[in-house]
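Okay, structure first, notes after.
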Amino acid sequence: MRILYAKDYEGMSFNAAKVLASVVINKPGCVLGLATGSSPIGMYKNLVKWCGDGILSFSKCRTVNLDEYVGLAPDHDMSYAYFMRDNLFGKIDIDMKNVNIPSGLAADGDAECARYDAVIESMGGVDIQLLGIGNNGHIGFNEPCDHFPLGTHKVTLTESTIEANKRFFASKDDVPRYAYTMGIGPIVRARKVLLIASGSGKAEILEKSLFGKVTPEVPASILQMIPDLVVCADEAALSLILEKHPEAVER
Ligand code: GLP
Numbered sequence: 327m328r329i330l331y332a333k334d335y336e337g338m339s340f341n342a343a344k345v346l347a348s349v350v351i352n353k354p355g356c357v358l359g360l361a362t363g364s365s366p367i368g369m370y371k372n373l374v375k376w377c378g379d380g381i382l383s384f385s386k387c388r389t390v391n392l393d394e395y396v397g398l399a400p401d402h403d404m405s406y407a408y409f410m411r412d413n414l415f416g417k418i419d420i421d422m423k424n425v426n427i428p429s430g431l432a433a434d435g436d437a438e439c440a441r442y443d444a445v446i447e448s449m450g451g452v453d454i455q456l457l458g459i460g461n462n463g464h465i466g467f468n469e470p471c472d473h474f475p476l477g478t479h480k481v482t483l484t485e486s487t488i489e490a491n492k493r494f495f496a497s498k499d500d501v502p503r504y505a506y507t508m509g510i511g512p513i514v515r516a517r518k519v520l521l522i523a524s525g526s527g528k529a530e531i532l533e534k535s536l537f538g539k540v541t542p543e544v545p546a547s548i549l550q551m552i553p554d555l556v557v558c559a560d561e562a563a564l565s566l567i568l569e570k571h572p573e574a575v576e577r
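According to this note's numbering, the stretch in the sequence shown is residues 327 to 577, in order.
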């Protein structure tokens, strides 16, 4: 595991963008596992800029997103499909045929989950999986539970996640109660995993996930098992790690 220090959100975003860009440059036809949330927005801005400047191309990349809210259409402005178009896909040279996100409107949830696993399998897995981290340690929408679910599945969002994500919606009642999420399987099989975290609100869960007990009660703790894990975080998110394990952080 490498933990890369940055002073602030901009620095974290720059570090993370460099890690992802290096994978794309080394393997133009790579499979990118992508994430949503407020954490990756700055990183996506860097990638958009480098693509516009002609130093990075996504034209051969294939992508697979982590998750989607059940019940939201791709043109709903709170859907993750919309988020991805707005922050990345609509601004880079990616071929939209190569983009994959679970369908929030699928009539048959089980079939949608099976379809999504087959898509990931057919691509030969993920070259680099980007992850944010939820306040309760969720990755994608893999919420704390008594086992690590391996495949794509439908989850009931926890109260803590609904509370955290309500800031994006008009009201708490508008936050969907269910989501489809990639399971832990493709994440741990990814050739590289890039975890990003910013702000003091993530300090406790980041330390617990990376240095605490590996348990499905803290889904992100499984990342300790990943041989090539890169963590890009800012000083506020790293505050507890800097206090307890300063030697683990690269400045
Ligand atoms: C959501 C997403 C996660 C994301 C998490 C943290 O619940 N499903 O993929 O990592 O929020 O979001 P943020 O980066 O806004 O803190």
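C-beta atoms are modelled at their ideal positions from N, C-alpha and C, and glycine is treated no differently.
For clarity, every value in this text was computed on a predicted model and none was experimentally measured.
Nearest to T541 by alpha carbon, out of K528, K492 and P470? Within the sequence shown, residue 541 is the residue found at index 215, counting from 1. For T541, the nearest C-alpha among the options comes from P470.
Same chain, Cβ closer than 7 angstroms to V575, neighbours up to 5 away in sequence not counted: Sequence index remark: in the sequence shown, residue 575 carries index 249 (1-based). The answer, listed in chain order, is I329, Y331, L564, I567 and L568.
Taking 6 angstroms as the line, does the beta carbon of G359 fall inside it for any heavy atom of the ligand GLP? Along the sequence shown, read from residue 1 onward, the residue named residue 359 stands at position 33. G359: no, Cβ never under 6 angstroms from the ligand GLP.
Buried or exposed for K528, going by 16 or more other Cβ atoms inside 10 Å? As a position in the sequence shown, residue 528 is number 202, starting the count at 1. A buried status is given to K528, since no fewer than 16 other beta-carbon atoms sit within 10 Å of its beta-carbon.
To the nearest angstrom, how far is it from the Cα of K333 to the Cα of E561? Numbered from 1 along the sequence shown, position 7 holds the residue referred to as residue 333. Numbered from 1 along the sequence shown, position 235 holds the residue referred to as residue 561. Looking at the two C-alpha atoms, the distance is approximately 5 angstroms.
Roughly how many angstroms lie between the CA atoms of D419 and K570, to the nearest whole one? Counted from its first residue, the sequence shown places residue 419 at position 93. Counted from its first residue, the sequence shown places residue 570 at position 244. C-alpha separation (whole angstroms): 43 angstroms.
Under 6 angstroms from any heavy atom of the ligand GLP, does the C-beta of G363 make it? Looking up residue 363 in the sequence shown gives position 37. Yes - the ligand GLP has a heavy atom lying nearer than 6 angstroms to the Cβ of G363.
Beta-carbon proximity check, L325 vs G430, cutoff 7 angstroms: Outside the displayed span of the chain (327 to 577) sits residue 325, for which this structure offers no information.
Considering only their Cβ atoms, is the gap separating S535 from G458 smaller than 7 angstroms? Walking along the sequence shown from the start, residue 458 turns up at place 132. Walking along the sequence shown from the start, residue 535 turns up at place 209. For G458 and S535, no; Cβs fall outside 7 angstroms.
Close Cβ partners of E438 (< 7 angstroms) along its chain, the five nearest in sequence each way excluded: Within the sequence shown, numbered from 1, the residue matching residue 438 stands at position 112. Answer for E438: P428, S429, A432 and Y506, listed in chain order.
Check whether the Cβ atoms of M369 and A347 lie closer than 7 angstroms to each other. Within the sequence shown, numbered from 1, the residue matching residue 369 stands at position 43. Within the sequence shown, numbered from 1, the residue matching residue 347 stands at position 21. For M369 and A347, no; Cβs fall outside 7 angstroms.
Collapsed DSSP secondary structure at V540 in the structure displayed: One-based indexing of the sequence shown puts residue 540 at position 214. Residue state, collapsed to three classes: coil.
Quick one: residues in its chain with C-beta nearer than 7 angstroms to the C-beta of D472, no 5 flanking neighbours on either side, listed in chain order? Residue mapping note: residue 472 aligns to position 146 of the sequence shown, counting from 1. For D472, where only same-chain residues beyond five positions count, the Cβ hits under 7 angstroms are P542.
Just how far apart, CA to CA, sit M410 and I367? On the sequence shown, position 84 is the one that residue 410 refers to. On the sequence shown, position 41 is the one that residue 367 refers to. Rounded to whole angstroms, M410 and I367 show a C-alpha spacing of 10 angstroms.
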